[in-house]
Amino acid sequence: MTEDENDKAPRRMAVDASKSTDRQDAGGLAPDSKPDMSMSPALQAHIGRQVRAMFDSVADEPVPDHLLRLLKDLDKSGEN
534 MTEDENDKAP
544 RRMAVDASKS
554 TDRQDAGGLA
564 PDSKPDMSMS
574 PALQAHIGRQ
584 VRAMFDSVAD
594 EPVPDHLLRL
604 LKDLDKSGEN
């Protein structure tokens, strides 16, 4: 890289986590305590239904021909 190209290259800054202004204790929590991150059973059930609905539709899609050929070729190579 030439000196001119070097001047135009993006520069990266080192980050020192100890100097961060985003400290955990700034939120009023003790440094060793953790906030309650649990979800209500109703929210968990809702998310579960949504995830199942999304993946059920994917499972109903046909397997692409190129993947079927690949599986067939793998089966043949394993028989030898």
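Residues in the sequence shown are numbered from 534 upward in steps of one, following the numbering used here.
All C-beta atoms in this analysis are idealised placements derived from N, C-alpha and C, irrespective of residue type, glycine included.
None of these values were measured; they are calculated from a predicted model.
Backbone secondary structure at Met587 - three-state DSSP: helix
Limits of the alpha helix (DSSP H) - the one that Asp593 falls within: Per DSSP, Asp593 belongs to no alpha helix (DSSP H) and is neither H nor E.
Bounding residues of the alpha helix (DSSP H) (the contiguous stretch that carries Ser573): If you look at Ser573, you'll find it isn't in any alpha helix (DSSP H); DSSP assigns it neither H nor E.
Lys609 - DSSP class collapsed to helix/strand/coil: Note: Lys609 maps to helix in three-state DSSP.
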